[in-house]
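Engineer: Under the numbering used here, the residues of the sequence shown are numbered 117 to 817, in order. Before anything else, here's the structure in question.
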Amino acid sequence: MGMKIFSVFFFALLFLASPFLQVARCQSEAEADVAEAVEGGDLGIVGEDVQDFGDPNYSSAPEVKTVCVFPKNSAKYLPSQFQAQQELTDINKSTILPTCPCRRAATLLEMVKNYKKIWDMFCQKVMDLMIHSRSLAPSKNGNECPKNITEASQIRHGLTLLDADFFNDIKVLEIAKGAKEFNIPIIRTNRKLVASINGGLHNPSPLVFNPEWSKEQSQGKASRFNHPSASGIQRPINEEDIAFMSVLELGELIKKKQITSEELTGIFLKRLRRYNPVLESVVTYTEDLAYQQAKEADKLLSQGVHLGPLHGIPYGLKDIISVPLYKTTWGSTTFKNQVLNIEAWVYKRLKSAGAVLVAKLVTGSLAYDDIWFGGRTRNPWNIEEFSTGSSAGPAACTSAGMIPFAIGSETAGSITYPASRCGVTALRPTFGSVGRTGVMSLSESLDKLGPFCRNAADCAVILDAIRGKDPDDLSSRDIPFGDPFSVDITKLTVGYLDDADMEVVHVLESKGVKVVPFKLNYTVDSVQGILNFTMDVDMLAHFDEWQRSGKDDDYEAQDQWPVELRRARVVSAVDYLQAQRARGKLIQEVKENFNVDAFIGNATDWERVCMGNLVGLPVIVVPTGFKNIPNPPPTGTRRRTTVNTGIYAPPNHDHIALALAMAYQSATNHHKQRPPIDDLGPNDTIPNHPTVPIPPRRLHM
């Protein structure tokens, strides 16, 4: 009798815990196996006030409130007694369920049912506790066990997506119960509080990334740069020549009253309308606002008030930056009629400097690549190519002389890629340099705003105007940069990587810079994955409602954000934080190995783009020449592929990169060349559809 009791308890638990049992042998064989196991002393029972009933001579079941059967050799891991109300988590510290290699589910179930009294006791005294603890509520027809087994199997399959399929069935169901009763209510409450509006414009995370390498935070208020004046500048007769003048040159013309801001604004608005049908680079013309701001700039100047080098200078903003009364479309069909009553911090800064906003420029849809709801932005230097990167409009418009400068953004390549493709000078500043209030957010620890300009000196002037602490952006800082116009470059040691443009190296060396071969070593081998985890999960937090409501089905390029954000949905919080810890390790290793003042290298190497954005390094992209396009027309073409390089500096040392870029450009004229959008060459026309294969899109955010 005792052996049969043990058999019943043993196989009841075995059946409930093992969904993959197979029917194999008859009832008598099953009982024989159990009897052999008990006689061998391999099984035991624990219950209230009873610790071990593994004695094969024991003849009757104990009257206990809680009963568990277990392999006897694991008894040493069990506590001495269990209370009926105790959670089974404690019990599960041991191998509770038997591991006897018996695979006869249907036969064993029938055998258990034959012992009606024992079955009832099992359900009432054992399973009631397990059901209560694991939410395994029994059904009226007694078929709950297979249902729970199926549920556990389904949940475990889902856990494989999190690399967390190591739990047994009871723990899997415990996870499900905890998620339903505890996690989901909290998730829904938080989502209702902060995630009902897309774009991340409100309720920023208090967890702030600071790329500062110094143990002590930078002290003191940043002073303004002492930029040079472009003395001796005369107004050109040709409007084309005016359009390709630098910011400092145009500022001098306005200051000396050789041209008015209103006149200059008209020139650039005309060029924007002329070339936009080809380049598809403008979303909204802000003509009324532009003339209003231009007239105000001219009025102030007539009163003897000059606001600085940007006084009266036209410019454009990437269309993720909000301006009241004008659409901020984020490049997306879903938001193409959106008007935000928010004045972005960077727009405020430029307005206070006297700059004149003439247009909202193309961003790739939701700041991904160069595809937007109105088309796809092209490269002025080779009209067959697209501009790449989500700051497509700022790069193309600056390159084509449609504006003197523009503000773009980068999370992972959206300044460096389009600047390189379109042949303009652009700065990705140190993370936190420029406030982001009123700007659509992808990732609060990666997003940066920076200028696209004719040259490095203009980049320095623009950075000086827009940098500083934004009171509503927790990550922004008032960084005390050195003055790039006052850096003694002969005291600098600059490294060059294997892929550096050697012309830049030789020019800087000729100007007294110490140049040395360099390699930035680090052991973290998951840099690109860390960036993807960080960016995608952050982006999904800002566009949770967008995905849940199915608006991702209307997205312009289904192989981009829709796919990535669905994948991000199954990145666990634990793994996201592990990625941030790995990011911290990367930052430390880069800091330890950055033993030069700056280094020169390819600006579009994807590993370097990811590393630089994760660490918060500034880089300035500098045009260094041109080469022939692939497969040119037989009769020739003036279209070209631009060549460029990047000059990288440690965080908070943007002035070093700017000073080196200015030194290089003072000896070269690559940055002064104009793209052939008016004259492609004999018999070379703008194709309706690109014929040059475009490489597969990458994460150029």
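All residues carry an ideal CB built from backbone N, CA and C; glycine is no exception. Just so we're clear, the structure is a prediction, and the values are computed from it rather than from any experiment.
When the Cα atoms are used, what is the spatial distance from residue 744 to residue 501?
Structural biologist: Whole-angstrom Cα-Cα distance: 13 Å.
Engineer: DSSP state of residue 772, grouped into three classes?
Structural biologist: helix
Engineer: Going by the beta-carbon positions, is the gap between residue 543 and residue 767 smaller than 8 Å?
Structural biologist: Residue 767 is positioned such that its CB atom lies no closer than 8 Å to that of residue 543.
Engineer: Here's a check: name, in chain order, each residue in its chain whose Cβ is nearer than 8 Å to the Cβ of residue 313, leaving out the five neighbours to either side.
Structural biologist: 661
Engineer: For a quick check, are the C-beta atoms of residue 362 and residue 583 less than 8 Å apart?
Structural biologist: With a cutoff of 8 Å on beta-carbon distance, residue 362 and residue 583 are scored as not near each other.
Engineer: On the premise that residue 496 lies in contact with residue 516, defined as a C-beta separation below 8 Å, what is that separation, rounded to the nearest angstrom?
Structural biologist: 4 Å
Engineer: Can you find the residues in the same chain that come closer than 7 Å, C-beta to C-beta, to residue 740, ignoring five residues on each side of it along the sequence?
Structural biologist: 617, 619, 620, 759, 760, 761, 786
Engineer: Check each candidate in 302, 555, 547 and name the one with the smallest Cα separation from residue 457.
Structural biologist: 555
Engineer: Can you list, in chain order, the residues of its chain with a C-beta nearer than 6 Å to that of residue 606? Leave out the 5 residues immediately preceding and following it.
Structural biologist: 628
Engineer: Is DSSP giving residue 488 helix, strand or coil here?
Structural biologist: For residue 488, the three-state secondary structure derived from DSSP is strand.
Engineer: Got a sec? Which residues, its chain only, sit under 8 Å from residue 681 by beta carbon, not counting five neighbours each side?
Structural biologist: 652, 655, 656, 659, 663, 668
Engineer: Considering only C-alpha positions, which residue in the set 522, 469, 503 is nearest to residue 436?
Structural biologist: 522
Engineer: Could you name the residues that DSSP lists as bridge partners for residue 679?
Structural biologist: Beta-bridge partners of residue 679 (DSSP): none assigned.
Engineer: On the DSSP letters alone, give me the boundaries of the beta strand (DSSP E) that residue 621 sits inside.
Structural biologist: No beta strand (DSSP E) contains residue 621, which is instead part of the alpha helix (DSSP H) from 618-626.
Engineer: So what's residue 542 in DSSP terms, helix, strand or just coil?
Structural biologist: Correct three-state label for residue 542: strand.
Engineer: State the DSSP-derived secondary structure class of residue 528, mapped to helix, strand or coil.
Structural biologist: coil
Engineer: Let me know if residue 693 comes out buried or exposed under the rule of 16 or more other beta-carbons within 10 Å of its beta-carbon.
Structural biologist: exposed
Engineer: Is it right to say residue 304 is buried, meaning 16 or more other beta carbons lie within 10 angstroms of its own, or is it exposed?
Structural biologist: exposed
Engineer: Near residue 316, which residues of its chain fall below 6 Å by C-beta distance, leaving aside the five closest residues on each side in sequence?
Structural biologist: 557, 658
Engineer: How big is the Cα-Cα spacing for residue 400 and residue 476?
Structural biologist: 5 Å
Engineer: In terms of residues, what are the limits of the beta strand (DSSP E) holding residue 715?
Structural biologist: 714-717
Engineer: Mapping the DSSP letters down to three states, classify residue 740 as helix, strand or coil.
Structural biologist: strand
Engineer: Spatial neighbours of residue 383 within its chain, please: CB distance less than 7 Å, with the 5 preceding and 5 following residues excluded, ordered by chain position.
Structural biologist: 355, 358, 359
Engineer: According to DSSP, simplified to helix, strand and coil, what is residue 452?
Structural biologist: Residue 452 carries a coil assignment under DSSP once its states are collapsed to helix, strand and coil.
Engineer: Between residue 755 and residue 498, how many whole angstroms is the CB-CB distance? I'm expecting something under 8 Å.
Structural biologist: 4 Å
Engineer: Residues in the same chain with beta-carbon distance under 7 Å from residue 281, minus the five sequence neighbours each way, listed in chain order, please.
Structural biologist: In the same chain as residue 281, and ignoring 5 residues on each side of it, the C-beta atoms closer than 7 Å to its own belong to 272, 275, in chain order.
Engineer: Is it true that the CB of residue 573 sits closer than 8 Å to the CB of residue 83?
Structural biologist: Residue 83 lies beyond the stretch modelled for the chain, which goes from 117 to 817, so this question has no answer here.
Engineer: Ordered along the chain, which non-local residues of its own chain (more than five positions away) have a Cβ less than 7 Å from that of residue 366?
Structural biologist: 380, 429, 520
Engineer: By the three-class DSSP mapping on this structure, what secondary structure does residue 300 have?
Structural biologist: helix
Engineer: DSSP state of residue 590, grouped into three classes?
Structural biologist: coil
Engineer: Beta carbon of residue 351, beta carbon of residue 518: below 8 Å?
Structural biologist: Not a contact, by the Cβ cut-off of 8 Å.
Engineer: Taking Cβ positions, are residue 506 and residue 483 nearer each other than 8 Å?
Structural biologist: yes
Engineer: Considering residue 434, what are the terminal residues of the beta strand (DSSP E) in which it resides?
Structural biologist: 430-434
Engineer: What's the C-alpha gap between residue 286 and residue 293?
Structural biologist: So the alpha carbons of these two residues sit roughly 11 Å apart.
Engineer: Where does residue 765 fall in DSSP's three states?
Structural biologist: The three-state secondary structure of residue 765, taken from DSSP, is coil.
Engineer: Taking DSSP as the reference, what is the three-state secondary structure of residue 598?
Structural biologist: Coil at residue 598, not helix or strand.
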